[in-house]
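Line by line, the protein sequences are chains W and E. If you're matching positions, the first sequence starts at 1197 in this note's numbering and goes up one per residue. If you're matching positions, the second sequence starts at 71 in this note's numbering and goes up one per residue. Glycine included, each C-beta is placed from N, C-alpha and C at the ideal position.
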Amino acid sequence: MPTLAYTAPSTVEEAVRALAGASGLAKVLSGGTDLLVQLRSGRTKPSLIVDTKKIPGIFGIREENGGFVIGAATPGAVIGECAALARAWPGVVEAANLIGSTQVQGRASLAGNLCNASPAADSVPALIAARATCTIVGSKGERAAPVESIATGPGRTSLAPDEFIIAFHLPKRPAHAADAYLRFIPRTEMDIAVVGAAVNVTLDAAGVCTDARVVLGAVAPTAVLVPDAAAALIGRKLDETALAGLDKAARAACKPINDKRGTIEYRTKVAGVMARRAAAIAFQRAGER
Amino acid sequence: MAKHHVSTTINGEPTEFLCEPQLTLLDVLRDELRLTGSKEGCSSGDCGACSVTVDGRLVCSCLMLAVEAEGKSIETVEGMAHGHDLHPLQQKFLEHAALQCGFCTPGVLVAAKALLDRNPNPTETETRYWLAGNLCRCTGYDKIVRAVLDAAAEMRGQARA
């Protein structure tokens, strides 16, 4: 094993300097629930680990301009305990809380789930549906990017080697708006999504959909935003025409693989079903507020 | 390889150790500090046998670097009993025979204590979901769940019917 160094800087500048100056592979550590497994198995062999958790603002949740800022390393358990966030963004919170066991929830973060770049990451479809953006820091300063621009393929991201995510931003909600995330697994807990579906909708006072975002997980190399599926909902109440259009558009967007969790045909069929069910939950939640 | 000096608190005792950066908290607890109650089952965060709390938060000690323990307060299964007085969960696990080989038991006890610390009156469903990350290959879980619910009742000062 090559010599591994560890640093836990207390400022963004120090962290970026450490990442930029690393001689070999440098890995960013937040909750570590993926990184430590990869270290132990030898799948990743970094020369440096930069633990970001001592950087101010990277941990915790705050309301800002009517929206929310979630620190990149905030664990799922803390996200689940934030009642105001769960009220505004129930789909994002339920997606984040589906990751792993109670123990994993004690550590696993949104930045880790996103940057591990698994096609089946549960929180990612919900964040994309929510129009979440992330604040990225690096040698060239700070930039903002939509969540859908980060993962570029399994295990790959668009971040430069000296960049890392410091926070996620969820926008302000209009009235009658809500989201939902569902995943299909063949058991009730502790599994990786066969298919995930996130739906985020805004309704008018009569229950007609005025805005929608539909995102699928585990059916392509990255989470897929499906504008055609959203278009099937916009301008309609949740009737069978809307649901059938959503189902069809969701299936059409699938480019899954065959693996032990499901065949291409199975994943494609289930994607339509999950999209329908997530839409029904999102519409119901939106109608109640 | 540069060793890191770590100052932490384990079961209320200020504790210091030296460790290499790749070691997990579980490695140091067991091999350095000789707190061998926490077990290594899978080393991938699936089995929960290494469960401890860090600043009150339940985690797998195999999924945390030992250097991350700096400044934290860690509780392990060794901190549950007071001398010869078992924690009610430990007592109920004996009464209900909620273990066979015992390998998962320390992790289950730590996880169950974390549950009862925040929810003194969990339902069976809540208990089963909370403990979903603690695998037991012997008992089939029924006795474990019954022991946790019975301990919860006793800690609330109620006898369970």
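Subject >> Where W:Gly1468 falls: helix, strand or coil (DSSP) >> reply: The residue given as residue 1468 of chain W occupies position 272 in the first sequence. Correct three-state label for W:Gly1468: helix.
Original post:
Counting only beta-carbon atoms, is W:Glu1385 nearer than 8 Å to chain E?
Top reply: Within the first sequence, numbered from 1, the residue matching residue 1385 of chain W stands at position 189. W:Glu1385 counts as touching chain E.
Original post:
Apart from the five residues just before and just after W:Arg1473, which ones in its own chain have a Cβ nearer than 8 Å to its Cβ?
Top reply: Taking the first residue of the first sequence as position 1, residue 1473 of chain W is located at position 277. Closer than 8 Å at Cβ, skipping near neighbours: Leu1378 and Ala1393.
**OP:** Determine which residues of the region 206-225 of chain E have a Cβ less than 8 Å from any Cβ of chain W, and write them out in chain order.
**Re:** none
Original post:
Does the distance from the CB of W:Val1333 to the CB of W:Val1390 come in under 8 Å?
Top reply: Here residue 1333 of chain W corresponds to residue number 137 of the first sequence, with the count starting at 1. Here residue 1390 of chain W corresponds to residue number 194 of the first sequence, with the count starting at 1. In this structure, W:Val1390 does not lie closer than 8 Å to W:Val1333 by Cβ.
Subject >> Environment of E:Ser131 [buried if 16+ CB atoms lie within 10 Å] >> reply: For the purposes of this step, residue 131 of chain E is taken as the residue at position 61 of the second sequence. That one is buried.
Subject >> alpha helix (DSSP H) segment containing W:Arg1213, residue limits >> reply: Counting from 1 along the first sequence, the entry for residue 1213 of chain W is found at position 17. Run containing W:Arg1213: Val1208 to Gly1217, per the alpha helix (DSSP H) assignment.
Original post:
Quick one: does E:Ala72 have its CB under 8 Å from some CB of chain W?
Top reply: The residue you call residue 72 of chain E lines up with position 2 of the second sequence. Taking Cβ atoms only, chain W reaches closer than 8 Å to E:Ala72, which makes this a yes.
Original post:
Are the C-beta atoms of E:Leu186 and some chain A residue less than 8 Å apart?
Top reply: The chain labelled as chain A is not found among the protein chains of the depicted structure, namely W and E.
Subject >> Bridge partners - W:Tyr1202, DSSP secondary structure assignment >> reply: Reading the first sequence from its first residue, position 6 is the one you call residue 1202 of chain W. W:Ile1245, per the DSSP bridge assignment.
Original post:
Among all the DSSP beta bridges, which residues are the ones paired with E:His152?
Top reply: In the second sequence, counting from the first residue as 1, residue 152 of chain E sits at position 82. Partner(s): E:Asp155.
**OP:** Please look up how many angstroms separate the CB atoms of E:Gln161 and E:Met150, rounded, as I've assumed it's under 8 Å.
**Re:** Translated into positions along the second sequence, residue 161 of chain E becomes position 91. Translated into positions along the second sequence, residue 150 of chain E becomes position 80. Contact flag wrong, Cβ pair sits at about 11 Å.
Subject >> Segments of 3+ residues assigned as beta strand (DSSP E) that fall wholly inside the region 1367-1403 of chain W >> reply: 1373-1380 and 1391-1399
**OP:** Report the residue from W:Gly1337, W:Arg1236, W:Lys1451 and W:Lys1336 whose alpha carbon sits nearest the alpha carbon of W:Gly1187.
**Re:** Not covered by the structure: residue 1187 of chain W. The range shown for chain W is 1197 to 1485.
Original post:
Interface residues of chain W around E:Leu96 at Cβ under 7 Å?
Top reply: By one-based count along the second sequence, residue 96 of chain E stands at place 26. Within chain W, no residue comes near E:Leu96; the closest Cβ sits about 10 Å away, beyond 7 Å.
Original post:
Roughly how many angstroms lie between the CA atoms of E:Cys171 and E:Gly203, to the nearest whole one?
Top reply: Walking along the second sequence from the start, residue 171 of chain E turns up at place 101. Walking along the second sequence from the start, residue 203 of chain E turns up at place 133. So the alpha carbons of these two residues sit roughly 18 Å apart.
**OP:** Determine which residues of the region 1243-1262 of chain W have a Cβ less than 8 Å from any Cβ of chain E, and write them out in chain order.
**Re:** Ile1245, Asp1247 and Lys1249
Original post:
Exposed or buried, what is W:Ala1222 when buried is set at 16 or more other beta-carbons lying within 10 Å of its beta-carbon?
Top reply: As a working mapping, residue 1222 of chain W is identified with position 26 in the first sequence. Per the 10 Å Cβ criterion, buried.
**OP:** Please go through the region 120-193 of chain E and give each complete alpha helix (DSSP H) segment of 4 or more residues, from N-terminal end onward.
**Re:** 158-165 and 175-188
**OP:** State the DSSP-derived secondary structure class of W:Gly1253, mapped to helix, strand or coil.
**Re:** Taking the first residue of the first sequence as position 1, residue 1253 of chain W is located at position 57. Coil.
Original post:
Do you know how far the Cα of W:Tyr1462 is from the Cα of W:Asp1375?
Top reply: If you number the first sequence from 1, residue 1375 of chain W lands on position 179. If you number the first sequence from 1, residue 1462 of chain W lands on position 266. Whole-angstrom Cα-Cα distance: 25 Å.
Subject >> CB contact check: E:Cys130 to chain W, cutoff 8 Å >> reply: The residue labelled residue 130 of chain E in the question sits at position 60 within the second sequence. Yes, E:Cys130 lies at the interface with chain W (some Cβ there is under 8 Å from its Cβ).
**OP:** Please specify which runs of the alpha helix (DSSP H), each continuous and at least 4 residues long, are wholly inside the region 1327-1361 of chain W, giving them in chain order.
**Re:** none
Subject >> E:Glu194 at chain W interface by Cβ criterion, 8 Å >> reply: Here residue 194 of chain E is taken as the residue at index 124 of the second sequence, counted from 1. With 8 Å as the cut-off, E:Glu194 does not count as an interface residue toward chain W.
Subject >> Residue-level contact to chain E via CB, W:Val1422, 8 Å cutoff >> reply: As a first step, residue 1422 of chain W is located in the first sequence; it is residue number 226 there, counting from the start. Chain E, which has no Cβ nearer than 8 Å to the Cβ of W:Val1422, makes this no.
Original post:
Of all Cβ atoms in chain E, is any one closer than 8 Å to the Cβ of W:Tyr1202?
Top reply: Walking along the first sequence from the start, residue 1202 of chain W turns up at place 6. Yes, W:Tyr1202 lies at the interface with chain E (some Cβ there is under 8 Å from its Cβ).
Original post:
Is the CB-CB distance between E:Cys89 and E:Glu102 below 8 Å?
Top reply: Position 19 of the second sequence, counting from 1, holds the residue named residue 89 of chain E. Position 32 of the second sequence, counting from 1, holds the residue named residue 102 of chain E. Yes.
Subject >> Within 8 Å, strictly: CB atoms of W:Thr1229 and W:Arg1303 >> reply: Position 33 of the first sequence, counted from the first residue, corresponds to residue 1229 of chain W. Position 107 of the first sequence, counted from the first residue, corresponds to residue 1303 of chain W. Yes. Within cutoff.
Subject >> Supposed contact pair W:Gly1272 and W:Gln1234 - C-beta distance, whole angstroms, cut 8 Å >> reply: Against the first sequence, residue 1234 of chain W aligns to sequence position 38. Against the first sequence, residue 1272 of chain W aligns to sequence position 76. Rounded, the Cβ-Cβ distance is 19 Å, inconsistent with contact.
Original post:
Residues of chain W with a CB under 7 Å from the CB of E:Glu138: which are they?
Top reply: By 1-based counting over the second sequence, the position of residue 138 of chain E is 68. What E:Glu138 touches in chain W: Asp1247.
Subject >> Segment limits, alpha helix (DSSP H) that includes W:Val1289 >> reply: As a first step, residue 1289 of chain W must be located in the first sequence, where it is residue number 93. Per DSSP, W:Val1289 belongs to the alpha helix (DSSP H) from Pro1286 to Asn1293.
Subject >> Option in E:Tyr211, E:His166 and E:Val122 with minimal Cα separation from E:Ala181 >> reply: Locating residue 181 of chain E in the second sequence gives position 111, counting from the first residue. Checking every option, the nearest Cα to that of E:Ala181 belongs to E:Val122.
Original post:
Residues in its own chain within less than 7 Å of W:Val1212 by CB, not counting five upstream and five downstream?
Top reply: Taking the first residue of the first sequence as position 1, residue 1212 of chain W is located at position 16. Answer for W:Val1212: Val1333, Gly1334, Ser1335 and Asp1358, listed in chain order.
Original post:
Span of the beta strand (DSSP E) holding W:Thr1298?
Top reply: Walking along the first sequence from the start, residue 1298 of chain W turns up at place 102. Per DSSP, W:Thr1298 belongs to no beta strand (DSSP E); it is in the alpha helix (DSSP H), Thr1298 to Gln1301.
Original post:
Name the chain W residues that come within less than 8 Å of E:Arg134, Cβ to Cβ?
Top reply: Taking the first residue of the second sequence as position 1, residue 134 of chain E is located at position 64. Per the sequence shown, the amino acid found at residue 134 of chain E is Met instead of Arg. Within 8 Å Cβ-Cβ: Gly1228, Leu1232 and Arg1303.
Original post:
In chain E, what lies closer than 8 Å to W:Leu1235 by C-beta?
Top reply: Position 39 of the first sequence, counted from the start, is the residue given in the question as residue 1235 of chain W. Here the neighbours are Gln92.
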